[in-house]
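Trainee: Residue numbers (my numbering): 702 to 1628. For glycine and all other residues, C-beta sits at the position ideal for the given N, C-alpha and C. Since the structure is predicted, the reported quantities are computational estimates derived from the model, not experimental observations.
Below is the structure:
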């Protein structure tokens, strides 16, 4: 693990100087044009390979450059330091360079730097795939197919279909400088009478432009001359055709304008995508009422019934349609909203395909089915599981929220325009495959890996299944989504597993609430302490249930961990008050076991408040196929009937505890929850809830005094509810949290921020807060804060010699003096240049370790120092005026003439600065 004790001390940390006077320059850092370090030691204070500090003044940035192009995908690229989220960098157009403003980041915070995207490592050992070794010697064998369900929604319906497109005037959305296209493809049934339900599809984040006949792709918008727009919105035609054959009007909309600009908005595009969805729905509502105003393709289709709408979103499109469902029920603040008209539609459910959920803010009262691709190489942590887990206890709990785990599916192949051999533009398999490091589960050709057509067919089938349940209200489809262990044969040969919360699940045992555990432990889903975390950092593979969020440590997000070495080691879960299972038919448990394990057996028992105990039965849980590259620690749903409890005379309305007794010889398991279950799908009626949105205030620090600002918070809607507020300390990057009751018009989320004015240079300070719903509330914009910008000039510096003529073996030294002290560490920097006359100091004349650390070059073969990319810098500590800078020389046995060296200050691009300060020195032979 690379460590950086001081953020500036690295060959990549070339801080340039700018200024026009000889001998004086401004201590500003350069852009990423200069060379990046190629070597780094673990404990010598250097940054890892590929990292550097760049920028100018208050715009100083931490920059990482990948050895390969990082594909433009849906997972958010994040910088982490010391196991905590440092920030979300902005990508450069080269697809390799990522920049993050440092703000008030202290030097000691930049330890253990990592680049992560949905939990996978991008910067490890020069590998931007996050592949690791990818090897597994004991991958689980494919299990026998599940029994078929009562119906198969993947079968085409009786209608023929018609297809066409429309293009409307572009729209302006808050936070997006360029207008967003209003373009879509419609597939509708022919000959269908009456109004038909509407299914709207929204694609995810992908390249926006390409040059036909080449592999050239960009993320620009609008597309430059000679390039065409990538038609991502046409990638769901097969899904649309299946639904249209069953009587649905379908529309898939384009969002390239958002994809190209969402790196510059705080929510990664969630509100923008919601606004775009609602802009289209508003048009459809108008066309349904006034068909003569509609485009030809819409006029030729049956009228859409806007009271029966299904939203389907892929990747960031999933988060977008989730937000659209929220915004349709609980309107967002007008300043953030790109649609401010009436809501003339009703969203009956959502289908979320490999979705992101950066805000971890699912809509609890709108049914959902989340497809989790087992070989997702983009949103690889399968964070979409939060659309299920994150709804527990938030509202009424009657909406079904299903997770649909598709073994062997990648992220891209659900969209044909992202699929090689089918796409119009360049496309790829997002699961990185190294021929020398084949993944036993997900590499093409593995027994568990699906082909593109197999995967897409499975996706179509389960989209249609959700439509059948959520929109058509056919309860026979429920068993295909709710963990009942039935399959839709049209999805064969894909192995599809499901579990769910909500619907007719009643009271239950939730580790997130007030509960005590004996015989096992309550573990934390997200915690940097390996003794507390459900899965520690050394675990091979990951769990969708424990996907990380903004805070490094989350409160109240837990599971029950079981670990045993002998059979019969009972674990008891006791809720804070008795649980009523009255009316339930079974107890449904969601249990995780390690990937590739089989035969984990647990006896399930209940005890009531009178002390009566009954063993309900024994369950068997098998692990999913998995490797260190997959998120296969995923809960299987198992059920045991409550008939034994009734026979034993248990009072099921007053259950005191749940016992799990392992009958396997040894093993591990995690209980996510247990619920009283009975069949049926109740109507999901949204509750009137308060909505919380966090804003951001940007201010100048000023020259004197202390001003107090408050983080902008808006609470709208109805009633009261609870949210958890996390406040980040920018000086330590530590979070504190508190539970807050919110109601419209209240100011219970009151976060004051003090900004001290001064006349000393710094990098500005960003104060952040994050909010998550706990009970009886929804959260829209989940993060915001106060940003205090620096408004003082950076000091200039001058150089004077201390020892610029020395005998070999002694260091050359100079003194760098600032024109004024600064409130941050400053780093004057120089680049070696050829000397004007005479012999030049060579690579064999300086300390070899120093040379490697500062240039990435080996001393041999001997060459002049000006022939290697050598930078020299020093650090002037906070509040101080000067520092020394030196070049360590070594003694050799060769008789030599005096040799010289010359360093020139660099400008903000990392290039030698004309007329800037110079460091010159001469080394004399020791003999």
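Is it buried or exposed for residue 1326, if we count other Cβ within 10 angstroms and need 16 for buried?
Mentor: The sequence position of residue 1326 within the chain shown is 625, counting from 1. Buried, by the Cβ-count rule.
Trainee: Which one or two residues does DSSP pair with residue 1180 in a beta bridge?
Mentor: In the chain shown, the residue the question calls residue 1180 occupies position 479. The partner list for residue 1180 (beta bridge, DSSP) is empty, contrary to what the question assumes.
Trainee: I need the boundaries of the beta strand (DSSP E) containing residue 1373, first residue and last residue.
Mentor: Working through the chain shown from its first residue, we reach residue 1373 at position 672. Run containing residue 1373: 1368-1378, per the beta strand (DSSP E) assignment.
Trainee: To test your reading of the DSSP string, which unbroken beta strand (DSSP E) runs of 3 or more residues are found completely within the region 904-960?
Mentor: 950-954
Trainee: Can you tell me whether residue 837 is buried or exposed? The criterion is at least 16 other CB atoms within 10 Å of its CB, across all chains shown.
Mentor: Along the chain shown, one-based indexing puts residue 837 at 136. With a pLDDT of 41 at residue 837, under the threshold of 50, the predicted position of this residue should be treated as unreliable, though the coordinate-derived value follows. Buried, since its Cβ has 16 or more Cβ neighbours within 10 Å.
Trainee: Does the region 1360-1371 come into contact with the region 1382-1392, if we say contact requires no fewer than three beta-carbon pairs (one atom in each stretch) closer than 8 angstroms?
Mentor: no
Trainee: Identify whether residue 1490 lies in helix, strand or coil by the three-state DSSP scheme.
Mentor: Position 789 of the chain shown, counting from 1, holds the residue named residue 1490. Looking at residue 1490 - three-state DSSP - the assignment turns out to be strand.
Trainee: Is the Cβ-Cβ distance between residue 1291 and residue 1336 less than 7 angstroms?
Mentor: Numbered from 1 along the chain shown, position 590 holds the residue referred to as residue 1291. Numbered from 1 along the chain shown, position 635 holds the residue referred to as residue 1336. Cβ distance < 7 angstroms, so residue 1291 and residue 1336 count as in contact.
Trainee: If distances are taken between C-alpha atoms only, which option among 1137, 958 and 1287 comes closest to residue 1340?
Mentor: Counting from 1 along the chain shown, the entry for residue 1340 is found at position 639. Out of 1137, 958 and 1287, 1287 has the C-alpha closest to the C-alpha of residue 1340.
Trainee: Can you say whether residue 932 is buried or exposed, counting buried as having 16 or more other CB atoms within 10 angstroms of its CB?
Mentor: Within the chain shown, the letter at position 231 stands for residue 932. Label assigned to residue 932: buried.
Trainee: Taking 8 angstroms as the threshold, find out whether the region 1028-1048 comes into contact with the region 908-925 through three or more Cβ pairs.
Mentor: no
Trainee: Three or more C-beta pairs closer than 8 angstroms, one from the region 814-822 and one from the region 780-792: is that the case here?
Mentor: They touch, by the three-pair rule.
Trainee: Look at the Cβ atom of residue 1006, then the Cβ atom of residue 1387, and state whether they are nearer than 7 angstroms.
Mentor: For this step, residue 1006 is matched to residue 305 along the chain shown. For this step, residue 1387 is matched to residue 686 along the chain shown. Not in contact: residue 1006 and residue 1387 (Cβ atoms no closer than 7 angstroms).
Trainee: Is residue 868 helix, strand or coil by DSSP?
Mentor: Along the chain shown, read from residue 1 onward, the residue named residue 868 stands at position 167. Strand at residue 868.
Trainee: Alpha carbon to alpha carbon, how far is residue 1125 from residue 910? Give it in angstroms, no decimals.
Mentor: Numbered from 1 along the chain shown, position 209 holds the residue referred to as residue 910. Numbered from 1 along the chain shown, position 424 holds the residue referred to as residue 1125. Taking the straight line from one Cα to the other gives about 11 angstroms.
Trainee: Measure the C-alpha to C-alpha separation of residue 860 and residue 1398 and round it to an integer number of angstroms.
Mentor: Locating residue 860 in the chain shown gives position 159, where the first residue counts as 1. Locating residue 1398 in the chain shown gives position 697, where the first residue counts as 1. C-alpha separation (whole angstroms): 54 angstroms.
Trainee: Helix, strand or coil: which one does DSSP assign to residue 1458?
Mentor: For the purposes of this step, residue 1458 is taken as the residue at position 757 of the chain shown. DSSP places residue 1458 in coil when its eight states are reduced to three.
Trainee: At the level of alpha carbons, what is the spacing between residue 1072 and residue 1108?
Mentor: In the chain shown, residue 1072 corresponds to position 371, counting from 1. In the chain shown, residue 1108 corresponds to position 407, counting from 1. One C-alpha to the other measures close to 11 angstroms.
Trainee: Bridge partners of residue 1106, per DSSP?
Mentor: Within the chain shown, numbered from 1, the residue matching residue 1106 stands at position 405. Per DSSP, 1073 and 1198.
Trainee: Go ahead and pull the three-state DSSP assignment for residue 1155.
Mentor: Taking the first residue of the chain shown as position 1, residue 1155 is located at position 454. In this structure, residue 1155 counts as helix in the three-state DSSP scheme.
Trainee: Does the Cβ-Cβ distance between residue 1534 and residue 1605 come in under 7 angstroms?
Mentor: Looking up residue 1534 in the chain shown gives position 833. Looking up residue 1605 in the chain shown gives position 904. The criterion of a C-beta distance shorter than 7 angstroms is satisfied by residue 1534 and residue 1605.
Trainee: Report yes if the CB atom of residue 935 is closer than 7 angstroms to the CB atom of residue 1086, and no otherwise.
Mentor: If you number the chain shown from 1, residue 935 lands on position 234. If you number the chain shown from 1, residue 1086 lands on position 385. Cβ atoms of residue 935 and residue 1086: not closer than 7 angstroms.
Trainee: According to the Cβ coordinates, are residue 1205 and residue 1049 closer than 7 angstroms?
Mentor: For the purposes of this step, residue 1205 is taken as residue 504 along the chain shown, with counting starting at 1. For the purposes of this step, residue 1049 is taken as residue 348 along the chain shown, with counting starting at 1. In this structure, residue 1049 does not lie closer than 7 angstroms to residue 1205 by Cβ.
Trainee: If you draw a straight line from the C-alpha of residue 1414 to the C-alpha of residue 1480, how long is it?
Mentor: To locate residue 1414, count along the chain shown from 1; it is residue 713. To locate residue 1480, count along the chain shown from 1; it is residue 779. Taking the straight line from one Cα to the other gives about 11 angstroms.
Trainee: Contact between the region 1271-1287 and the region 1220-1238 is defined here as three or more beta-carbon pairs at a separation below 8 angstroms; is this criterion met?
Mentor: yes
Trainee: Which residue from 1471, 1458 and 1377 puts its Cα closest to that of residue 1409?
Mentor: Reading the chain shown from its first residue, position 708 is the one you call residue 1409. Among 1471, 1458 and 1377, the Cα nearest to that of residue 1409 is on 1458.
Trainee: Taking buried to mean at least 16 other C-beta atoms within 10 Å of its own C-beta, is residue 1099 buried or exposed?
Mentor: In the chain shown, residue 1099 corresponds to position 398, counting from 1. So residue 1099 ends up on the buried side.
Trainee: Drop a sphere of 10 angstroms on the beta-carbon of residue 1144, count the other beta-carbons inside from all chains shown, and report buried for 16 or more, exposed for fewer.
Mentor: Taking the chain shown and counting its residues from 1, the one referred to as residue 1144 is at position 443. Residue 1144 should be labelled buried.
Trainee: Please report how far the alpha carbon of residue 1211 lies from the alpha carbon of residue 1531, in whole angstroms.
Mentor: Here residue 1211 corresponds to residue number 510 of the chain shown, with the count starting at 1. Here residue 1531 corresponds to residue number 830 of the chain shown, with the count starting at 1. So the alpha carbons of these two residues sit roughly 59 angstroms apart.
Trainee: Starting from residue 982, trace the alpha helix (DSSP H) in both directions and tell me its first and last residue.
Mentor: Counting from one through the chain shown, the residue named residue 982 turns up at place 281. For residue 982, the enclosing alpha helix (DSSP H) stretches over residues 971-990.
Trainee: Using DSSP with H/G/I as helix, E/B as strand and the rest coil, what is residue 1167?
Mentor: Here residue 1167 is taken as the residue at index 466 of the chain shown, counted from 1. Helix, per DSSP.
Trainee: Please list the terminal residues of the continuous alpha helix (DSSP H) segment that includes residue 1551.
Mentor: Translated into positions along the chain shown, residue 1551 becomes position 850. Element bounds for residue 1551: 1549-1556.
Trainee: Take the Cβ of residue 1122 as the centre, count every other Cβ of all protein chains shown within 10 Å, and call the residue buried at 16 or more, exposed below.
Mentor: Taking the chain shown and counting its residues from 1, one reaches residue 1122 at position 421. Residue burial is scored here from C-beta neighbours: residue 1122 has fewer than 16 other C-beta atoms within 10 angstroms and is therefore classed as exposed.
Trainee: Pairs of beta-carbons, one from the region 1125-1144 and one from the region 1160-1171, closer than 8 angstroms: are there three or more?
Mentor: Not touching, per the Cβ criterion.
Trainee: Please report the straight-line C-alpha distance between residue 1406 and residue 1486, rounded to a whole angstrom.
Mentor: Counting from one through the chain shown, the residue named residue 1406 turns up at place 705. Counting from one through the chain shown, the residue named residue 1486 turns up at place 785. Whole-angstrom Cα-Cα distance: 21 angstroms.
Trainee: Can you give me the start and stop residues for the beta strand (DSSP E) that residue 1362 sits inside?
Mentor: As a first step, residue 1362 is located in the chain shown; it is residue number 661 there, counting from the start. That run of the beta strand (DSSP E) goes 1356-1363.
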